[in-house]
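Data first, discussion second: the structure below is written as C-alpha cells.
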Amino acid sequence: MLGAAGGVLLRGHGGSSRSAPVWILLLAVGGALRTQASQGSQVNLLDSRSVMGDLEWIAHPKSGWEEIGEVDENYAPIHTYQVCKVMDLNQNNWLLTSWISNEGAARIFIELKFTLRDCNSLPGGLGTCKETFNMYYFESDDEDGRNIRENQYIKIDTIAADESFTELDLGDRVMKLNTEVRDVGPLTKKGFYLAFQDVGACIALVSVRVYYKKCPSVVRNLAIFPDTITGSDSSQLLEVSGLCVNNSVTDEPPRMHCSAEGEWLVPIGKCLCQPGYEEKNGTCQVCKPGFFKASAQSPTCSKCPPHSYTHEEGSVSCLCEENYFRRESDPPSMACTRPPSAPRNAISNINETSVFLEWIPPADTGGRKDVAYNIVCKMCTAHLRQCEECGSHVRYLPLQSNLKNTSVMVVDLLAHTNYTFEIEAENGVSELSPGGRQFVSLNVTTNQAAPSPISLVKKGKIAKNSISLSWQEPDRPNGIILEYEIKYFEKDHETSYTIIKSRETEMTADGLKPASVYVFQIRARTAAGYGSFSRRFEFETSPVSVAASRDQSQIPIIAVSVTVGVILLAVVVGFLLSGRRCGYSKAKQDPEEEKMHFHNGHIKLPGVKTYIDPHTYEDPNQAVHEFAKEIDASCISIERVIGAGEFGEVCSGRSKLPGKRECPVAIKTLKVGYTEKQRREFLGEASIMGQFDHPNIIHLEGVVTKSKPVMIVTEYMENGSLDTFLKKNDGQFTVIQLVGMLRGIASGMKYLSDMGYVHRDLAARNILINSNLVCKVSDFGLSRVLEDDPEAAYTTRGGKIPIRWTAPEAIAFRKFTSASDVWSYGIVMWEVMSYGERPYWEMTNQDVIKAVEEGYRLPSPMDCPAALYQLMLDCWQKDRNSRPKFEEIVSMLDKLIRNPSSLKILVNSSNRVSNLLGEHNPLGISPYRSVGDWLEAIKMGRYTETFLENGYGSMDAVTQVTLEDLRRFGVTLVGHQKKILSSIQEMRVQLVNGMVPL
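Under mature numbering (1 follows the signal peptide of the UniProt record, and there is no 0), residues -37 to -1, 1 to 961 are what the sequence shown spells out, in order.
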C-alpha cells in the first residue's frame, strides 16, 4: 500500500513484523527502489536491485549487517542490508559481496544508495554513534578471496550521508535517499570483492551498483568503431582505428579517441565511398541510373552532364550522346561537346603581296572554350577552277595552325595571283568527329607588289675613273619595272654614297677614283614601290700613273665639284618645295638617268630638326652610334628588376659617368641568346629616342653595345607607368593636377608631330611619370616616321594594333597620321580623368570597332569638366581633318589652366547617358529655345558665349552666320566650322519648310 508521502511500505517474505528501527529505515526508501537500466555508455557488473535470487553476501559477525528480503508494489524482490548497533560500543561490522568479474575493465565505478539516522535524534545522544561507514575492495582472479584477512582489503573511501533522518521525519514520512559514487583503478586482475564496514552507525544499504564505462560502437565518417572500454586513467584518451563500411575505401584507416567518460572524441581521417557510390545516412549507396560518381573524392552522385547519359547503377562516368564527344583529358563532370561551327564574317585586307585576314568566332563553339583556327592557303587559276596548296615560302604571322586570336597576316604571296584561304575552326573534340572542322572561305587577288631583289650584276668596261655594269631583271618583277636605283660608294666610306636612277639594265658610274674598290647595290621599282637592294657587288677601278694623275686630276675634280654643287642646290630647292622628310629629291640630268649624292642618308638643313627613320640606314648599327651615346658598362650598376620588356628585363640602377654626378636610371637589357635581328630591333628604339630632346619625352642617357648584356639606359621615372600610378592613387589629385599631366603629354606629342613623327601606340601605359608628376612619352616600339607632308600617312605591313586606342581609319585602312595620334590622345585623356579605367571596359575588340564605326564614343568619366570631355570628343571626330592639332590642344589646355573656374562646369548625367547610347544627332527637327540649347545639342556648347558676344543672341540671327563670321569669331577648327555650318544649313531648309519655329 502507498504511504501518505508516496513512500512504499515494504513487506517481509514471512510477513513477520520487524523491529522499529528496521521498519523506519525501510520506510525511508520510499518509491526509489525501481530497477533502472544501465545508462548510456555504462555497463553494469552488479546491480543488487536486479538480482532475483540470493545475493550470497556474507556478514561478519552475523549479528551485524542484516539482510532484509522485501518486495515492492509489483512484488519484485528487493535486497536491503541494514545495521543499527548504536547502543553497543566498539562496533566492527563487515559486509562482503560475492566475487565480481570486471570483464576486462581497468577502472570501475561503485554507486551506493543508502539511508542514515541522525545520531543527535537518538535517545540520550549516544557518544558512540557514527554517521559514516567505510568501503573496501580486494582484487582476485577467482573466488578464493573471501577468506582473506581484513587488513588485506584496500580502502576505497569513508562514506558519509548528505541527508540523514530523525524521528520527526518518520512521522512526516519525508526522507531522502543518499547516492554516492566512487571509482577504483587501475585494476590488474580478472575480478574483485567489495566490503562495507560499519563502526557504529544506524544505516540501511538499499542498493549497490557496480559498472564500468565504454565508448559504444558507432559509425562515424563511414567507418565502424567497435565498443571500446575506457582507460584506467581519468584523463586518458584511447586511440581506436575504424573499419571502413561496405563500398568505401581509404588510404589510411580513420581514427577516433575514446575518453574516460565513454565519449568518442577527436576524429581523424575518414573513409570515402568508392566511385559509383555516395554517402547517405552513414552508408555508401549505389548511384542510380542517370547519375554517376567518378572518384572517391566526389561527395555525391552527380546528374549526368549535358549531352551524356547512363542507364546502369553504380556508374563512374556517363556516355556521350550521338555526335557529342569528350576528350580523355576532359573531366567526367564536363558536358559532352561537339566541334564548332565555321568562323563568321571573314574579311581580308590586301596590301601588295600580304593579306590580313580577320574573322568573328563561330556562332556555336560546341560548348568549349578551346577554339583554335587553322589557315589553309591555296593558289588558284584565274577562274578558281584548279587550286593547289601554297608553297612553303608563304609565311603566316603569328601562326598558320592552332591560332588563338581571330586574325592572321599572310605574307610573301605572289603578286597578281588568285588565292583561296580557308579559315578552319576546331576545338578539343574536332579530331574525334568525322568532318569535325568547319571553315569559311575567302577568295582574294593580290595587288601589284615590289619586285624581288636583283640576283646577278655583271661588270662591263672598267676605266681609271669609271665602271660600267649590267644586270638582269628580277626573277619576280611583280609588274612593269619603271626604273632601277643604283647605289654605290667607295669601300669603307659607306656614309657617303651616290644614287643613280636608270630605266635601262645597264649604267656607267663615272667620276670615280683610280685604283679604288667600289661597292654597288641595285634595286628595281614598280608601281608598287621599290624592292630590296641586291647583295653587295665589289669592283675596282683601273690604276693610273702618278704623273698622269697630277696632270689630269684637276679637270674631273672641278667638274665633279661643280656637278655636286648643282645637284646639292637642286636637292635643297626640291626639299624646300616638296617638303619631303629626308632631302630625297630628283635632280634631273637626262630622261634616262638621275643621280643624287647622300651623306649618312639625308641632308641636314640649318635650324630644321627632322626625324630620321633608322630603318633607312643600310647598317642599323650606324644609326645607333649616330644618335645614341655609347656608355662604358662599368659606369652602370643594376640594382633590381622592376619589370619585363619584349627583349629582356627592365631594371633600375645607378649611372656614374665621368665628370657627372651619380644619378638613378632605368635600364632595358637584351636577353641572352638573342639573334642579330633582335639586337637590331632592340637598339632601334634607342636610335629613335636619341633624336628627341624635350622635357616631356623620355630622355635617352645612352647605350651599352660593346659588352654584354646590351643595354638601353634612360632616365628613371619614380612613379612608373601612368595607368598603374593613377589606379593606385584613385581620386587623390585635383582637376588642375590632372590637366597638368595632360598638358605635359600633349606638349611631348606636339614636339614629335613637329618633327614629322607618328607614335602609333599612345596610351597611358606608355606614359611614364616621375616624382614631380611630370609625364613623359615613352615606348617607341610601334612608332614610324611620317613624310614631311602633314597629311601623309604610313601604311603598316602587319603587326598588332592597339584597337582601343587607335583611330578608325588606322584600324580599317592601316593609315597612321598625327591625326590618328590625336585620337589616341583623346583616349589617354579619358584614361587620366577616369584614373586608369580600361577604355570600353570588357567589350571585345570586334565590338569596339563596330561601336566606334556606328558613332559610339566613350561616355564622360565621372565628375569630368565639360571642357575636357568636349576636347575628347573633338579628338574622336570621325573625319581626321576635323580633329585638333597637338599645337591647338596644348593652347587649349593652357587656357584651362590659366582659368581654373572654366573647369568647374561638369558634364551632366543626361549627356553622359545620351553619349553612352551613341547619340550624335546634329539638329534633327526639334525646336530650340535658345542659341545655347542649339549649340549644346550639336556638342558645340563651348561657343555659346562667343555667339552672344558677337550679337547672335537669337536663332533667327544664327541662320545668317557664314564661314567668314565663324573665322572672325575665332572658330578656327575646320571640323567645328563644318559641324556648325551644316547644322545652320539644315535649319535654314527646315525653316523654309515650316518645320522649325524660330
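Heads up, the beta-carbon is just placed ideally off N, CA and C, and yes, glycines get one too.
All figures in this text were calculated on a predicted structure; none of them were measured in a lab.
query: Nearest to G205 by CA position, among L235, S854 and I868, is which residue?; result: L235
query: Taking only the alpha-carbon atoms, compute the straight-line gap between R905 and S864 and give it to the nearest angstrom.; result: 14 Å
query: At the level of alpha carbons, what is the spacing between V181 and E276?; result: 28 Å
query: If the criterion is Cβ atoms closer than 8 Å, does the pair E448 and R486 meet it?; result: yes
query: How about the region 462 to 480 and the region 389 to 397: do they share at least three Cβ pairs that are nearer than 8 Å?; result: no
query: Extract the residue ranges of the beta strand (DSSP E) inside the region 430 to 463, only unbroken runs of 3 or more that lie entirely within it.; result: 430 to 434 and 446 to 453
query: How about S741 and L731: do their beta carbons lie closer than 8 Å?; result: yes
query: For V229, which three-state DSSP category applies?; result: strand
query: As an exercise, report each continuous beta strand (DSSP E) stretch of at least 3 residues that is fully enclosed by the region 386 to 421, in chain order.; result: 401 to 408
query: Which residue marks the beginning of the beta strand (DSSP E) containing K176, and which one marks its end?; result: C165 to C178
query: Could you check the C-alpha separation between residue 965 and G665 for me, to the nearest Å?; result: Because residue 965 is not part of the residues shown, which for the chain are -37 to 961, the question remains open.
query: Whole angstroms are fine: how far does the CA of R767 sit from the CA of F538?; result: Per-residue confidence for F538 stands at a pLDDT of 43, beneath the threshold of 50, marking its modelled position as unreliable; the derived number appears in the next sentence. About 37 Å.
query: Once you ignore the five residues that flank E816 on each side, which residues in its own chain have a CB closer than 7 Å to its CB?; result: P771
query: Would C221 and T191 be called neighbours here (beta carbons separated by less than 8 Å)?; result: yes
query: With a threshold of 8 Å between beta-carbons, can D438 be considered close to chain D, or not?; result: Of the protein chains in this structure there is only one, and it is not chain D.
query: Let me confirm a value: M15 is counted as buried when at least 16 other C-beta atoms fall within 10 Å, else exposed. Which label applies?; result: exposed
query: By alpha-carbon positions, which one of Q435, A22 and R801 ends up nearest to M470?; result: Q435
query: Applying the 10 Å Cβ sphere with the 16-neighbour rule, what's the burial state of T807?; result: exposed
query: If you compare alpha carbons, which of G32, G148, N83 and L201 is closest to V169?; result: G32
query: May I have the straight-line CA-CA distance separating V894 from E912, to the nearest angstrom?; result: 12 Å
query: Taking the C-alpha atoms as reference points, what is the distance between S261 and D214?; result: 15 Å
query: If you drop the 5 nearest sequence neighbours on each side, which residues of the same chain put their C-beta closer than 7 Å to that of S258?; result: P238
query: How many angstroms separate the CA atom of T316 from the CA atom of R348?; result: 22 Å
query: So, helix, strand or coil for N286, using DSSP?; result: coil
query: Can you find the residues in the same chain that come closer than 6 Å, C-beta to C-beta, to L944, ignoring five residues on each side of it along the sequence?; result: none
query: Kindly indicate the opening and closing residues of the alpha helix (DSSP H) around E817.; result: Element bounds for E817: n/a, residue is neither H nor E.
query: Please report the distance separating the alpha-carbon of L140 from that of F77.; result: 6 Å
query: Once the 5 residues before and after Q948 are set aside, which same chain residues still bring their CB inside 6 Å of it?; result: none
query: Between the region 327 to 340 and the region 359 to 367, can you find at least three pairs of beta-carbon atoms closer than 8 Å?; result: yes
query: Name, in chain order, the residues that DSSP records as bridge partners for R801.; result: Its beta-bridge partners do not exist; DSSP assigns none.
query: Which residues mark the beginning and the end of the alpha helix (DSSP H) in which M102 is found?; result: Note on identity: in this sequence residue 102 is Glu, with Met being the wrong assignment. Looking at the DSSP string, E102 is not in any alpha helix (DSSP H); the run it does join, the beta strand (DSSP E), is T95 to S103.
query: Would you report the Cα separation of T383 and K450, rounded to the nearest angstrom?; result: 39 Å
query: Would the beta-carbon of S615 fall within 8 Å of that of C598?; result: no
query: List in chain order: all unbroken alpha helix (DSSP H) runs of 4+ residues lying wholly within the region 647 to 697.; result: 685 to 691
query: Go ahead and label L705 buried or exposed: buried means 16 or more other beta carbons lie within 10 angstroms of its beta carbon, across all protein chains shown.; result: buried
query: In chain order, what residues of the same chain have a beta carbon less than 6 Å from the beta carbon of L620, not counting five sequence neighbours either side?; result: C598
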